[in-house]
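Some notes on the structure that comes next.
2 protein chains.
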Amino acid sequence: MESSSIKNYILDSAKNARQSALALSCMSTEEKNRALQAMIIHLNSRRTEIQRENKIDLENGRINGLSAAMIDRLTLNDARIDAMIQSLKELILLKDPVGTCLSEWTRPNGMTIKKIRVPIGVIGIIYESRPNVTVDAASLCLKTGNATILRGGKESIHSNRALAKILQDALIEAELPKNAIQLISTTDRQAVGELLQLNEYIDLIIPRGGESLIRRVARESTIPVIKHYKGVCHLYADKELNPKQAVSVILNSKVQRPGVCNALETLLVHESLKETFLKEICIKLIESGVEIRGDDATCRVCPQAISATEDDWFAEYLDMIIAVKTVKNVKDAIAHIEKYGSRHSDGILTTNQTTANIFLQAVDSAVVYHNVSTRFTDGGQFGMGAEIGVSTDKLHARGPMGLEELTSYKYIVTGNGQIRE
Amino acid sequence: MESSSIKNYILDSAKNARQSALALSCMSTEEKNRALQAMIIHLNSRRTEIQRENKIDLENGRINGLSAAMIDRLTLNDARIDAMIQSLKELILLKDPVGTCLSEWTRPNGMTIKKIRVPIGVIGIIYESRPNVTVDAASLCLKTGNATILRGGKESIHSNRALAKILQDALIEAELPKNAIQLISTTDRQAVGELLQLNEYIDLIIPRGGESLIRRVARESTIPVIKHYKGVCHLYADKELNPKQAVSVILNSKVQRPGVCNALETLLVHESLKETFLKEICIKLIESGVEIRGDDATCRVCPQAISATEDDWFAEYLDMIIAVKTVKNVKDAIAHIEKYGSRHSDGILTTNQTTANIFLQAVDSAVVYHNVSTRFTDGGQFGMGAEIGVSTDKLHARGPMGLEELTSYKYIVTGNGQIRE
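For the protein sequence lines, the chains are A and B, in the order given.
So for the first sequence, our numbering puts the first residue at 396; every next one is plus one.
So for the second sequence, our numbering puts the first residue at 396; every next one is plus one.
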């Protein structure tokens with residue numbers, strides 16, 4: 396496509412999305428659920444079509460030398476399609492937050508003010524290789540009355556086109572506006588730049604992918620963005636702790652699934668525990684296959700540890716590696732997390748409630764933990780039923796984002812002729 | 396200042412603000428109120444100092460040919476200083492939202508999740524000529540535990556420096572971090588550009604001023620921005636209405652204070668009322684000194700009306716001018732507001748509840764009114780006690796923003812060793 400065509404194509408998509416969003420905002424939960432039900436039927440009956448297109452992406456991926464991990468994330472086998480269908484089934488059962496009255500009051504002049512949950516409007520989702528995001532993100536937005544413009548990675552373009560076609564067919568069958576879900580069908584990078592300028596039609600951008608993608612989106616967007624760059628999660632093992640519990644929480648946070656944003660990256664240990672707990676946890680970590688990058692004190696008690704550099708304190712390894720540092724006290728731990736952390740998920744392991752309270756108040760992260768694994772920062776684990784992402788922003792949504800976080804509100808003021816004096 | 400000095404100066408200010416914000420987030424309501432009390436005392440006793448600096452701005456303003464209205468907004472007479480003091484007194488009495496538990500639940504594994512209100516962190520306020528914003532914005536942010544970086548207009552730089560000095564002296568006296576309130580003391584435009592890139596230290600930007608300032612900020616900022624560009628507010632007079640009430644609400648919305656964002660700009664009238672209500676309201680508007688820009692039907696029944704152009708439907712006059720148009724029905728009115736409106740404040744005048752409900756649901760504005768003047772879109776009128784601004788964004792805060800809208804939340808998860816399966 397030529398540059399001017401891309402510009403017009405994106406503009407038209409955004410205008411269509413805005414029109415669809417207005418129609419969606421007046422639709423009942425039943426109507427929206429009917430479309431989700433139609434999606435289930437189409438996904439289930441059109442597996443051949445999905446997998447035929449997915450095969451093209453996989454072949455292109457092999458030719459272009461994608462890593463085995465990337466190829467795996469790209470693959471839409473039957474189990475992955477089943478998982479999408481299962482998520483849609485669960486989504487149908489979740490409560491629709493739209494229309495809820497958040498608060499209501501009457502002013503002395505007799506007018507009544509109601510604060511009502513409404514959809515956000517048009518949401519742009521910019522994501523990388525995993526094609527299941529197409530279905531997951533679009534369906535969560537639809538349930539909450541939002542129209543979506545999806546922009547996936549070029550690696551999964553054929554899969555995404557097939558899935559988007561299915562979603563639109565389901566919308567048509569359920570008599571919902573077809574343009575409530577649109578996929579940007581060009582892989583040209585210019586398309587993203589154009590999209591990010593359309594704050595007149597698009598209300599929110601959610602980027603999902605690597606840090607460089609998210610930084611580009613945040614830098615270029617004139618539309619509000621909800622995001623997290625990375626998760627450099629910490630646990631601080633205080634001098635007063637239950638060692639058995641602490642070992643279990645640290646190992647779970649680090650090794651249960653090291654490649655995700657809520658996995659532990661840096662362990663801080665009170666210096667009084669050098670010869671006891673620190674020694675013990677290092678052995679346990681190494682036994683679990685974790686490489687240790689330690690400060691001097693750690694390297695002294697754990698000969699297998701590699702000496703940490705300044706970069707290690709900033710690192711999001713997403714791997715079986717951990718940075719370990721001794722600190723003087725809880726304030727020192729808080730200062731380290733403030734300097735090197737990413738304000739995602741950080742916790743304290745202590746039996747002293749006063750120390751815990753100091754930490755929980757002062758650490759400025761989306762989720763702070765006391766004697767709990769950092770791996771719980773997740774919409775499902777929080778009981779939200781579904782998750783569109785995790786935010787480390789302070790505005791609108793912070794931490795795991797479920798259906799309520801995909802809504803805004805409006806004020807409805809009713810009266811009988813009130814005028815301002 | 397040289398370009399590199401400005402860059403370093405802004406970076407240092409932002410880092411200092413971040414440190415102060417962390418300290419503020421742990422402070423009690425009493426400590427914050429003590430600082431507000433000290434501000435009252437300093438403002439009251441240092442009027443000579445404020446007015447001496449203000450006089451320099453006023454003289455420069457006259458030399459630079461500022462309009463009488465601009466000069467008026469710039470003037471810090473005793474009444475204006477009294478008004479600042481009064482706002483501070485009221486602010487001390489308002490409830491501090493920080494620390495409120497928004498919700499709390501326990502998961503099946505026994506861990507407890509609490510959602511707690513916390514300050515947003517560092518807030519940048521970018522504003523134009525009125526120097527009272529310096530005190531109003533900084534004090535509202537302080538009450539909610541936020542640090543502020545203030546960037547006022549060059550016209551009010553001497554006044555702002557004097558006020559910021561007073562606010563910092565009050566912070567020092569109350570033993571709060573001095574850098575919790577900082578004024579950018581250079582008027583170089585580069586400073587704003589630098590500020591808007593510091594998303595690592597600044598959590599929110601609130602621009603207050605004309606549309607072009609706000610558009611520049613939204614375009615350049617990598618930090619979330621809460622704003623409204625303008626208020627093109629509508630009232631729709633439905634075929635079924637109480638004419639006396641409707642006249643009163645329309646006149647109040649238009650003439651009570653035409654220069655503000657919640658004043659009425661366009662009146663839509665059901666076409667069946669051409670010869671009756673439309674004629675009557677046009678006479679009343681003209682009697683009140685309002686100029687009418689009408690569609691053909693309006694010009695036919697009101698000879699004094701000027702024929703409206705397409706631009707009139709988009710216009711935010713902020714003046715004694717109104718655009719008047721006839722529409723076929725409520726859907727036509729909704730479509731007009733969607734096309735030309737600014738999603739700020741729009742209302743319907745009708746005795747038919749069904750018609751009202753269609754309008755209130757479909758119109759996508761921050762505040763929608765039924766038989767009430769649009770002039771109530773205001774934190775004070777909503778009963779919030781104080782207002783930092785009005786937002787037409789969908790994210791975080793929509794409509795009037797009071798103290799609660801200056802907070803974020805964090806999740807505190809406590810348990811006894813919960814790990815993820």
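All residues carry an ideal CB built from backbone N, CA and C; glycine is no exception.
Of the residues the options, which one's Cα is nearest the Cα of residue i?
i: residue 653 of chain B; options: B:622, B:717, B:607; result: B:717
i: residue 504 of chain A; options: B:497, B:815, B:776; result: B:776
i: residue 565 of chain B; options: B:483, B:768, B:672, B:746; result: B:483
i: residue 682 of chain A; options: A:761, A:668, A:699; result: A:699
i: residue 581 of chain A; options: A:783, A:396, A:772; result: A:396
i: residue 415 of chain B; options: B:544, B:479, B:486, B:440; result: B:544
i: residue 467 of chain B; options: B:481, B:480, B:449; result: B:449
i: residue 443 of chain A; options: A:558, A:656, A:732; result: A:558
i: residue 562 of chain A; options: A:714, A:748, A:441, A:728; result: A:441
i: residue 399 of chain B; options: B:737, B:585, B:481; result: B:585
i: residue 745 of chain A; options: A:433, A:569, A:630, A:731; result: A:630
i: residue 736 of chain B; options: B:481, B:705, B:526; result: B:705
i: residue 655 of chain A; options: A:532, A:772, A:423; result: A:772
Taking 7 Å as the limit between beta carbons, can you name the residues of its chain near residue i, skipping five residues before and five after?
i: residue 451 of chain B; result: 553
i: residue 802 of chain A; result: 492, 493, 512, 513, 514, 515, 539
i: residue 765 of chain B; result: 742, 743, 751, 755
i: residue 524 of chain A; result: 465, 468, 469, 548, 550, 551
Could you check how far apart the C-beta atoms of residue i and residue j are, in whole angstroms? I think they sit under 8 Å.
i: residue 461 of chain B; j: residue 550 of chain B; result: 7 Å
i: residue 650 of chain B; j: residue 808 of chain A; result: So it is not a contact: roughly 20 Å between Cβ atoms.
i: residue 357 of chain B; j: residue 670 of chain B; result: Only positions 396 to 816 of chain B appear in this structure, which leaves residue 357 of chain B out of reach.
i: residue 593 of chain B; j: residue 417 of chain B; result: Rounded, the Cβ-Cβ distance is 16 Å, inconsistent with contact.
i: residue 689 of chain B; j: residue 703 of chain B; result: 6 Å
i: residue 509 of chain A; j: residue 712 of chain A; result: Their Cβ separation, rounded to whole angstroms, is 49 Å, which puts residue 509 of chain A and residue 712 of chain A out of contact at 8 Å.
i: residue 435 of chain A; j: residue 471 of chain A; result: Incorrect: roughly 16 Å between the Cβ atoms, too far for contact.
i: residue 453 of chain B; j: residue 526 of chain B; result: Between residue 526 of chain B and residue 453 of chain B the Cβ distance is about 11 Å, and since that is not below 8 Å, they are no contact.
i: residue 687 of chain B; j: residue 701 of chain B; result: 7 Å
Do residue i and residue j have their C-beta atoms within less than 7 Å of each other?
i: residue 694 of chain A; j: residue 659 of chain A; result: no
i: residue 515 of chain B; j: residue 789 of chain A; result: yes
i: residue 518 of chain B; j: residue 431 of chain B; result: no
i: residue 665 of chain A; j: residue 634 of chain A; result: yes
i: residue 812 of chain A; j: residue 644 of chain B; result: yes
i: residue 763 of chain B; j: residue 741 of chain B; result: yes
i: residue 528 of chain B; j: residue 522 of chain B; result: yes
i: residue 739 of chain A; j: residue 757 of chain A; result: no
i: residue 781 of chain B; j: residue 535 of chain B; result: yes
i: residue 600 of chain A; j: residue 546 of chain A; result: no
i: residue 797 of chain A; j: residue 779 of chain A; result: yes
i: residue 663 of chain B; j: residue 722 of chain B; result: yes
i: residue 409 of chain B; j: residue 596 of chain B; result: yes
i: residue 769 of chain B; j: residue 637 of chain B; result: no
i: residue 647 of chain B; j: residue 814 of chain A; result: yes
i: residue 804 of chain B; j: residue 497 of chain B; result: yes
i: residue 810 of chain B; j: residue 506 of chain B; result: yes
Leaving aside the five residues before and after residue i along the sequence, list all residues of the same chain whose C-beta is less than 8 Å from its C-beta, in chain order.
i: residue 792 of chain A; result: 621, 786, 800
i: residue 419 of chain B; result: 427, 514, 537, 540, 541, 542, 571, 572, 575
i: residue 612 of chain B; result: 521, 587, 591, 600, 602, 620, 622
i: residue 456 of chain A; result: 465, 466, 469, 550
i: residue 667 of chain B; result: 634
i: residue 709 of chain B; result: 627, 735
If I measure Cβ to Cβ from residue i and keep anything under 6 Å in the same chain, skipping five residues before and after, which residues do I get?
i: residue 725 of chain B; result: 750, 753, 754
i: residue 617 of chain A; result: 592, 594
i: residue 500 of chain B; result: 508
i: residue 568 of chain B; result: 433
i: residue 413 of chain A; result: 517, 596
field: Every unbroken alpha helix (DSSP H) inside the region 661-707 of chain B [4 residues or more]
entry: 674-682, 691-696
Complete beta strand (DSSP E) runs within the region 460-509 of chain B (minimum length 3 residues, chain order): 496-501
task: Using a Cβ-Cβ cut-off of less than 7 Å, list which residues of the region 401-419 of chain B approach chain E; keep chain order.
output: No chain E appears in this structure, whose protein chains are A and B.
message: I'd like the ranges of any alpha helix (DSSP H) spanning at least 4 consecutive residues and lying wholly in the region 713-752 of chain A.
response: 725-735
- request: Could you name each continuous beta strand (DSSP E) segment of 3 residues or more that falls completely within the region 590-646 of chain A, going from the start of the chain to the end?
  value: 599-603, 628-632
field: Runs of alpha helix (DSSP H) lying entirely within the region 524-604 of chain B, each at least 4 residues, in chain order
entry: 527-538, 552-568, 585-590
- prompt: Which ranges does the alpha helix (DSSP H) cover as unbroken runs of at least 4 residues, wholly within the region 768-795 of chain B, from first to last along the chain?
  reply: none
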